[in-house]
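Residue numbers (numbering that gives the first Met the number 0), protein chains in the order written: chain A, 0 to 136; chain B, 0 to 81. Cβ atoms here follow ideal geometry from the backbone N, Cα and C, with glycine treated the same way. All of these numbers come straight from a predicted model, not from anything done at the bench. Read through the structure below, which is laid out as structure tokens, and then see the notes.
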Amino acid sequence: MKWNKEERERSADLNKQERAHAEIVHEEPFAEDQALIAQLMQGFEQMELAIRQPEPPPLHELERFVAVEKRKLRRRAGLEVALFLIMALAIIGGNMLLASMNIVVFAVIQGLVFVGAIAFAFRFFYRSKKKVKSGHA
Amino acid sequence: MPKTNPESVPLWAVVLIACILLIQSLFLFIHSRRHTKYYWIWGIVGLIQFPGPLVAYWLVHIYWPLRKERLKNRKHQYGSNE
């Protein structure tokens, strides 16, 4: 019995020692981490001090920029419409000439364009429906 | 090949057809400029025939997107009610 008691006390001492050692081992990396974090934070603070705050551009400059771009776009649109009108006159003139020269060819072209346009619309329609059904975008 | 007598078509009809085609193609050109990248094609096709391209354009770029949006809204409505 005595022997058992001594044995138990010895093992308890050993356990205590082990626990203390483990705490030391655990504390060492924790302290190291804290030091690293502090270093990192200091680095960030220095970076923040080094980078000066960017100033937002003045509003009137932005407004002027937008106005210039809008004017450019409007001019481009006007040019495109003018070009389209010139082309339109040529195509309509050609169509009228064709109609006055040969009505059959004119009618065939008209029919083909009509059928083509409607076929395109229906093709688009069914393709979109299939996409919706299959769930693909 | 049968040839058309130019005098058989009155001038007012020619002017009317030209105006209709021009208005249609201008509408297609300007409207499709905002909605698709193929606005030149729509404009040129609109110059050739009336009302095929207009119907096709209406179906593809006006009716179908509206219908899709309406269906989506309805789905959202039912989804929130459930």
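Asked: Burial state of A:I91 (16 or more Cβ within 10 Å); Found: buried
Asked: Contacting residues, own chain, Cβ-Cβ under 6 Å from B:F28 (five flanking each side not counted); Found: Y38 and G42
Asked: Unbroken alpha helix (DSSP H) run spanning B:S24, endpoints; Found: L10 to H34
Asked: At least three beta-carbon pairs within less than 8 Å, the stretch 50-67 of chain A to the stretch 11-27 of chain B; Found: no
Asked: Sequence-distant residues of its chain with Cβ nearer than 6 Å to A:A136 (five each side left out); Found: Unreliable placement is indicated for A:A136, whose pLDDT of 49 sits below 50; no coordinate value is reported for it.
Asked: Straight-line Cα distance separating A:K129 from A:G77; Found: 39 Å
Asked: Cβ-Cβ separation, B:L58 to B:Q23 (assumed contact under 8 Å), whole Å; Found: With 8 Å as the limit, B:Q23 and B:L58 do not qualify as a contact, their Cβ atoms being about 15 Å apart.
Asked: Stretch pair the stretch 62-76 of chain B + the stretch 43-50 of chain B: three plus CB contacts closer than 8 Å; Found: no
Asked: Assumed close pair B:I19, A:I108 - CB separation to whole angstroms, cut-off 8 Å; Found: With a Cβ gap of about 17 Å, B:I19 and A:I108 do not count as contacting.
Asked: Proximity of B:G51 and A:I102 at Cβ, strictly below 9 Å; Found: no
Asked: Any chain A beta carbon closer than 9 Å to B:L58; Found: yes
Asked: Interfacial residues, the stretch 58-72 of chain B to chain A, with Cβ spacing under 7 Å; Found: L58, V59 and W63
Asked: Nearest-angstrom beta carbon gap, A:A120 and B:A55 [assumed within contact, 8 Å]; Found: 4 Å
Asked: Within chain B, the residues that A:I91 reaches when beta carbons sit closer than 7 Å; Found: A17, L20, L21 and L46
Asked: CB contact below 9 Å: A:G115 versus chain B; Found: yes
Asked: For A:A89 and A:L72, the rounded distance between their alpha carbons; Found: 26 Å
Asked: Distance between A:L111 and A:S99 (C-alpha atoms, nearest Å); Found: 19 Å
Asked: Cβ-based neighbour list, A:D32, same chain, cut-off 6 Å, excluding 5 preceding and 5 following; Found: none
Asked: As assigned by DSSP and simplified to three states, the class of A:F64; Found: helix
Asked: For A:V80, the nearest candidate out of B:E68, B:R69 and B:R32 (CA to CA); Found: B:R32
Asked: C-beta contact flag for A:S127 and B:K67 at 9 Å; Found: yes
Asked: Neighbour flag for B:W11 against chain A, beta carbons, 9 Å; Found: no
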